[in-house]
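Below is the structure:
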């Protein structure tokens, strides 16, 4: 099913509003207003276009941002949780583990190890054929 | 036995601009971004739903790649003309993605058109 171009523009505008405000406690009412659509119609069109509900999209986006923050130093897990818009650390941890297969702390440990290895032995990340082709050993 | 593609390479003029395009505009994820002592930058990105496919963004213009001046000029000419590299990206909705990328400043040669593929 296809929609008129202005409908796409309005839904995209609402999607970008979610991207820019995912740390805030935004709800469907506020989001659908960005598209100048009722909550019902916005929800229906968004789900048809993106194959996921606005809530699912927002949650995934928040958890993806959390991954980037967990890889940084100087920010605790509870600070990561609140800065991506979750109010409950328990819910954040459960959803994070469901999406990524690891708990936030475990993911953080892996990210630190990867960063350390990238700094000390960057060639470990490069397939040997590239090292040979581009003479990276020399 | 070969089972899948793990890496694909794209040559780019500028890795920083390429990072901005693929990560910030197209929404790809960064897999690895390391710079070696000689300046060689290994930058790989992944499409959101293909975490095991690394797309290597390489610039042939740096000294670390060991291409001679003639080769570098040839690369630059082809890259400037947009003659190198092509691919097909999948999206759940072409028109919505088009509108979003347009809003983010991506230039398109034409609007999306309906086409029927053989499969």
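Residue numbers (the working numbering), protein chains in the order written: chain D, 120 to 257; chain C, -18 to 100. Glycine residues also receive a C-beta, built at the ideal position from the N, C-alpha and C atoms.
By the criterion of Cβ-Cβ separation under 8 angstroms, what are the contact partners of residue i in chain C?
i             : result
residue 121/D : 76
residue 254/D : 47
Since residue i meets chain D, which of its residues come closer than 7 angstroms, beta carbon to beta carbon?
i            : result
residue 15/C : 237, 241, 244
residue 67/C : Chain D residues near residue 67/C: none, gap ~21 angstroms exceeds 7 angstroms.
residue 84/C : 131, 135
Cβ closer than 9 angstroms: which chain C residues qualify as neighbours of residue i?
i             : result
residue 119/D : Because chain D in this structure spans residues 120 to 257, residue 119/D falls outside the shown range and cannot be described.
residue 191/D : The contacting residues do not exist; residue 191/D stays about 13 angstroms from chain C at best.
Looking at the strands, I want to know which residues DSSP matches up with residue i.
i             : result
residue 207/D : In DSSP, residue 207/D forms no bridge with anything.
residue 14/C  : 24/C
residue -11/C : 36/C
List the residues of chain D that residue i touches, going by C-beta distances under 8 angstroms, in chain order.
i            : result
residue 81/C : 131, 134, 135
residue 73/C : 168, 169, 170
residue 2/C  : Ordered by position in chain D, no residue passes the 8 angstroms Cβ test against residue 2/C, which lies about 17 angstroms from the chain.
residue 21/C : 253, 255
residue 96/C : Those within 8 angstroms of residue 96/C in chain D number zero; the least Cβ separation is about 14 angstroms.
I believe residue i touches residue j by the beta-carbon criterion, under 8 angstroms. Please report the beta-carbon distance rounded to the nearest angstrom.
i             : j             : result
residue 178/D : residue 162/D : About 15 angstroms; that fails the 8 angstroms criterion.
residue 204/D : residue 141/D : 5 angstroms
residue 60/C  : residue -6/C  : 5 angstroms
residue 101/C : residue 43/C  : The shown model of chain C, from -18 to 100, leaves out residue 101/C, and the question about it has no answer.
residue 74/C  : residue 176/D : About 13 angstroms; that fails the 8 angstroms criterion.
residue 14/C  : residue 24/C  : 5 angstroms
Q | Inter-stretch contact (C-beta, 8 angstroms, three-pair minimum) for the region 181 to 198 of chain D and the region 152 to 170 of chain D | A | no
**Q.** Where the region 165 to 177 of chain D meets chain C: residues whose CB sits under 7 angstroms from a CB there
**A.** For the region 165 to 177 of chain D, which is checked against every Cβ of chain C, the residues closer than 7 angstroms are 168, 169, 170.
Q | Three or more C-beta pairs below 8 angstroms linking the region -5 to 5 of chain C and the region 237 to 245 of chain D | A | no
Q: Would you check if the region 79 to 94 of chain C and the region 131 to 142 of chain D touch, i.e. whether three or more CB-CB distances between them fall below 8 angstroms?
A: yes
Q. What residues in the region 121 to 145 of chain D have a beta carbon less than 8 angstroms from any beta carbon of chain C?
A. 121, 122, 124, 127, 128, 130, 131, 132, 134, 135
Q. Do the region 4 to 15 of chain C and the region 41 to 49 of chain C make contact, defined as three or more Cβ pairs closer than 8 angstroms?
A. no
Q | Sufficient close CB pairs (3 or more, under 8 angstroms) joining the region 211 to 223 of chain D to the region 178 to 189 of chain D | A | yes
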